[in-house]
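Under the UniProt record's numbering, the final residue of the sequence shown carries the number 245; numbering is consecutive throughout.
C-beta: ideal position from N, C-alpha, C; glycine also.
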Amino acid sequence: MPQAHGPIPYNRYNMPTACDNVGGAWDGGDAPFFLKIRGLTPTECSADWLRNEAEWCVDERANELRLVANTAPTHAIRMQPGRPQPCAVPYSLTLPLVPTWSETVTEVPSMGPLGVTLSGVLIESTLWAVHNGFIFSDELQYGHALGPRPHYLHYHAAPPPRRGGRPADEDTLVGVALDGYPIYGPLPNTELATLDACNGRRSAAGGYQYHARTMAQVNLSEPYCGRLGGRANNWNLVLGCFHGV
1 MPQAHGPIPY NRYNMPTACD NVGGAWDGGD APFFLKIRGL TPTECSADWL RNEAEWCVDE
61 RANELRLVAN TAPTHAIRMQ PGRPQPCAVP YSLTLPLVPT WSETVTEVPS MGPLGVTLSG
121 VLIESTLWAV HNGFIFSDEL QYGHALGPRP HYLHYHAAPP PRRGGRPADE DTLVGVALDG
181 YPIYGPLPNT ELATLDACNG RRSAAGGYQY HARTMAQVNL SEPYCGRLGG RANNWNLVLG
241 CFHGV
């Protein structure tokens, strides 16, 4: 097993750790609300029974980008027998509106969120998804609700498109990293050399942005920690490191 080190995940999110058997509709308040999904037996179902909630708020004065969401996706998902069922899990997240660049990169957490999609579903580290084999399954693109904080759906790669949509490409804004820089879809193979160790590059407008990778663009046979003194990982399906602070 590769070395599993890394900093504590950025304390910019408030994620509940379990689900209660309570019902009703979340009113958007500060108190955590858990909606346990029961009686779901299909192997594939629509996300309609988990209504997506994702409200973004821009506060220029405070230089903050705030999100209130419930981890429900905007696409069909697959249910696996014996695994935790997804719940509507409200949480809040605050990111820098204008990120601060750092020449010294920061290692992404070996467990926990790296960023968030526009739909409010968190993107997690690939480390343990590789160890438990989930990353190699066909359901990778759908996300899953298994992990140290069970019942909330999350991704380990770029999310699938909405029903009838096309997969993300280099021009598709997928989400935002926890350091505030945007995450776009994968580049073609001919342009991978333009990415730095963090999976980022300068945009045509002069800004900085990350690009997720496809499974075929990542060599999981390499050690997890292998670049920049271990601060950049090789299993960089989404991020290799943070370039913001």
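Pull up the distance between the alpha-carbon of residue i and that of residue j, whole angstroms please.
i: residue 92; j: residue 153; result: 15 Å
i: residue 143; j: residue 177; result: 18 Å
i: residue 42; j: residue 123; result: Below a pLDDT of 50, predicted positions are generally treated as unreliable, and residue 42, at 37, falls in that range; no measurement from the model is reported.
i: residue 244; j: residue 237; result: 18 Å
i: residue 137; j: residue 205; result: 37 Å
i: residue 112; j: residue 195; result: 23 Å
i: residue 167; j: residue 174; result: 10 Å
i: residue 202; j: residue 191; result: 13 Å
i: residue 208; j: residue 226; result: 23 Å
i: residue 251; j: residue 67; result: Because residue 251 is not part of the residues shown, which for the chain are 1 to 245, the question remains open.
i: residue 158; j: residue 200; result: 15 Å
i: residue 117; j: residue 215; result: 18 Å
i: residue 132; j: residue 193; result: 30 Å
i: residue 114; j: residue 224; result: 16 Å
Ignore the nearest five residues each way along the sequence and tell me which others in residue i's own chain have a CB closer than 6 Å to its CB.
i: residue 187; result: 170 and 211
i: residue 62; result: none
i: residue 54; result: 69, 119 and 120
i: residue 99; result: 179, 180, 181 and 244
i: residue 213; result: 186 and 237
What residues in its chain sit with their C-beta under 7 Å from that of residue i, if we drop five residues either side in the sequence?
i: residue 232; result: 105, 197, 198, 240 and 241
i: residue 46; result: Caution is warranted here: a pLDDT of 49 is assigned to residue 46, below 50, making its placement in the model unreliable, and the coordinate value is therefore given only provisionally. Closer than 7 Å at Cβ, skipping near neighbours: 76.
i: residue 172; result: 184 and 185
i: residue 135; result: 126, 129 and 156
Going by DSSP, what residue range makes up the alpha helix (DSSP H) through residue i?
i: residue 127; result: 127 to 131
Could you name the residues of the same chain whose beta carbon sits closer than 8 Å to that of residue i, not counting the 5 residues immediately before and after it, in chain order?
i: residue 65; result: 56, 57, 58, 59, 94, 95, 96, 97, 176 and 180
i: residue 228; result: 105, 197 and 241
i: residue 29; result: Since pLDDT at residue 29 reaches only 38, below the 50 mark, its modelled position is unreliable, and no value is offered.
Since residue i sits in a beta bridge, which residues does DSSP pair it with?
i: residue 123; result: 115 and 155
i: residue 211; result: 184
i: residue 176; result: 116 and 182
i: residue 144; result: 154
i: residue 233; result: 225
Assuming residue i and residue j are in contact, meaning their beta carbons sit under 8 Å apart, how far apart are those beta carbons, in whole angstroms?
i: residue 220; j: residue 108; result: The pair is not a contact, with the Cβ atoms about 16 Å apart (cut-off 8 Å).
i: residue 127; j: residue 102; result: Not really, about 23 Å apart at Cβ, beyond 8 Å.
i: residue 217; j: residue 234; result: Between residue 234 and residue 217 the Cβ distance is about 12 Å, and since that is not below 8 Å, they are no contact.
Taking residue i as part of the beta strand (DSSP E), name the residues at either end of that continuous run.
i: residue 96; result: 91 to 96
i: residue 54; result: 54 to 59
i: residue 205; result: Note, residue 205: premise wrong, no beta strand (DSSP E); not H, not E.
i: residue 136; result: Neither: residue 136 is in no beta strand (DSSP E) and is coded neither H nor E.
i: residue 247; result: With the chain covering only 1 through 245, there is no way to say anything about residue 247.
i: residue 225; result: 225 to 227
i: residue 243; result: 242 to 244
i: residue 69; result: 64 to 69
i: residue 102; result: 101 to 106
With hydrogens ignored, establish whether the beta-carbon of residue i is closer than 8 Å to any heavy atom of the ligand GDP.
i: residue 143; result: As presented, the structure is devoid of all ligands, the ligand GDP included, so that no description of it is given.
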